[in-house]
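Here's the structure, in structure tokens; my notes come after.
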DNA sequence: TGAAGTTGCTTGCACATACAACTTTAACCT
DNA sequence: AGGTTAAAGTTGTATGTGCAAGCAACTTCA
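Chains as they are written, first to last, in my numbering: chain A, 315 to 484; chain B, 315 to 484.
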């Protein structure tokens, strides 16, 4: 069995590295977001997607897809943000089943403060780790993987055209 | 605010792509593991780390670090696997506070069956997506990131996933 | 030796999440 | 229209997870 693993080590390892890298980054950012901004990683993820959307609002289903949450998970997440006064719901006039979530002025203010902190922290973590070319290469490879994963056989409606627009992603 | 984001798009984007790639892979593998092998992704993660360790056993703390679970989370996870008969605990003779988790014969058998399926699935997902050089480059970049994240200022003592899983000792 | 502090793991509790069932509205079909 | 099916969100319920506290064993130092 160990032989079996050995002969596939490269890919198994690559996948493992990807998971560990993501987990490590998540852990680092999460700690910082909570200690400095009192925002959970999950809240921040929802909020930054709203902040980056036209009108600072998004349909619930769209938000669920972008945050990798199920609809029910998103309902609760938005409930919490609503209780905190950062987000509000608005019924979609064209389809009265649907709802938009949008940032309140308070929510906007919080994100105006939070985003620079987050960006600075990303820079801090990544500084001097990659050359410009390496960083570019990494992004290109990951983009291809991401597009492949979400473009094929996905019922999640995650769009590739969201493209570069998933930076907050945590 | 959008301007602020725009000017940092490269790094923000790279991080976002990493998270999305990991989430996408996780989702794909999870579905397959559960449908074909009745194993949760979390269980599989624990089991494969054990399977890849010498003697198929690892200290609880080591396992927790490698699986990105907290010690308490790992305790519960191993509890469940123990109830399923896939894993057992063994008290560490040199430090009787500590415990090893190890695969039972049943657990070994399950993994002997599960790993080829998983490997095949990885190959399937990654086939024709990268050249050998690209895959190698991706692994190298991710490894540097992972080492950076876990090597610096981390109280987690995460070790490289392959190889240096030195279970015993302290 | 033994008291103080640390480490490894486990438990009490609170909370976030997924799955499945449900409500309301829209779309479709004859 | 009238009836059926599908879609968007929300809730009931079960479970998994982390944090903080706890317990047992080890280490240090006098």
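For glycine and all other residues, C-beta sits at the position ideal for the given N, C-alpha and C.
Exercise. Which residues in the same chain as residue 392 (chain B) place their Cβ atom closer than 8 Å to its Cβ, once the five residues preceding and following it in sequence are excluded?
Worked result: 360, 374, 377, 401, 403 and 415
Exercise. Between which two residues does the alpha helix (DSSP H) carrying residue 371 (chain A) extend?
Worked result: Premise fails: residue 371 (chain A) lies in the beta strand (DSSP E), 371–373, not in any alpha helix (DSSP H).
Problem set entry | Residues in the stretch 430–446 of chain A having any Cβ partner in chain B nearer than 8 Å | 430, 433, 436, 437, 439, 440, 443 and 444
Problem set entry | Nearest-angstrom Cα separation, counted from residue 411 (chain A) out to residue 471 (chain B) | Here residue 471 (chain B) scores only 33 on pLDDT, less than 50, and its place in the model is too uncertain to base an answer on.
Problem set entry | At least three beta-carbon pairs within less than 8 Å, the stretch 446–462 of chain B to the stretch 331–351 of chain A | yes
Problem set entry | Helix, strand or coil at residue 417 (chain B) according to DSSP, with G and I counted as helix | strand
Problem set entry | DSSP state of residue 346 (chain B) mapped onto helix, strand, coil | helix
For this session: Give the secondary structure of residue 404 (chain A) by DSSP, where H, G and I count as helix, E and B as strand, and everything else as coil.
Result: strand
Exercise. Taking 8 Å as the CB-CB cut-off, is residue 324 (chain A) touching chain B?
Worked result: yes
Exercise. Alpha carbon to alpha carbon, what distance is there between residue 443 (chain A) and residue 346 (chain B)?
Worked result: 35 Å
Problem set entry | Status (buried if at least 16 other CB within 10 Å, exposed otherwise) for residue 380 (chain B) | buried
Exercise. Closest to residue 413 (chain A) by CA distance: which of A:342, A:371, A:367 and A:461 is it?
Worked result: A:371
Exercise. Three-state secondary structure (DSSP) at residue 422 (chain B)?
Worked result: helix
For this session: Could you check how far apart the C-beta atoms of residue 429 (chain B) and residue 365 (chain B) are, in whole angstroms? I think they sit under 8 Å.
Result: 7 Å
For this session: Put residue 333 (chain B) into one of helix, strand or coil per three-state DSSP.
Result: helix
For this session: Let me know if residue 390 (chain A) comes out buried or exposed under the rule of 16 or more other beta-carbons within 10 Å of its beta-carbon.
Result: exposed
For this session: Can you give me, in chain order, the residues of the stretch 449–464 of chain B that have a beta carbon less than 8 Å from any beta carbon in chain A?
Result: 449, 450, 451, 452, 453, 455, 456, 457, 458, 459, 460, 462, 463 and 464
Exercise. How is residue 338 (chain B) classed by DSSP in three states: helix, strand or coil?
Worked result: helix
For this session: Taking residue 384 (chain A) as the query, report the chain B residues whose CB atoms sit under 7 Å from its CB, ordered along the chain.
Result: Here the premise fails: no neighbours, minimum Cβ distance about 11 Å.
Exercise. Using a Cβ-Cβ cut-off of 6 Å (strictly less than) and excluding sequence neighbours within five positions of residue 327 (chain B), which residues of its own chain qualify?
Worked result: none
Problem set entry | residue 350 (chain B) and residue 439 (chain B) closer than 8 Å at C-beta | no
Exercise. How should residue 331 (chain A) be labelled, buried or exposed, when 16 other C-beta atoms within 10 angstroms of its C-beta is the threshold for buried?
Worked result: buried
Exercise. Is the CB-CB distance between residue 437 (chain A) and residue 325 (chain B) below 8 Å?
Worked result: yes
For this session: Consider the Cβ of residue 328 (chain B): report whether some Cβ of chain A lies at a distance smaller than 8 Å.
Result: yes
Exercise. In its own chain, which residues sit with a C-beta less than 8 Å from the C-beta of residue 418 (chain B), not counting the 5 before and 5 after it?
Worked result: 399, 400, 401 and 402
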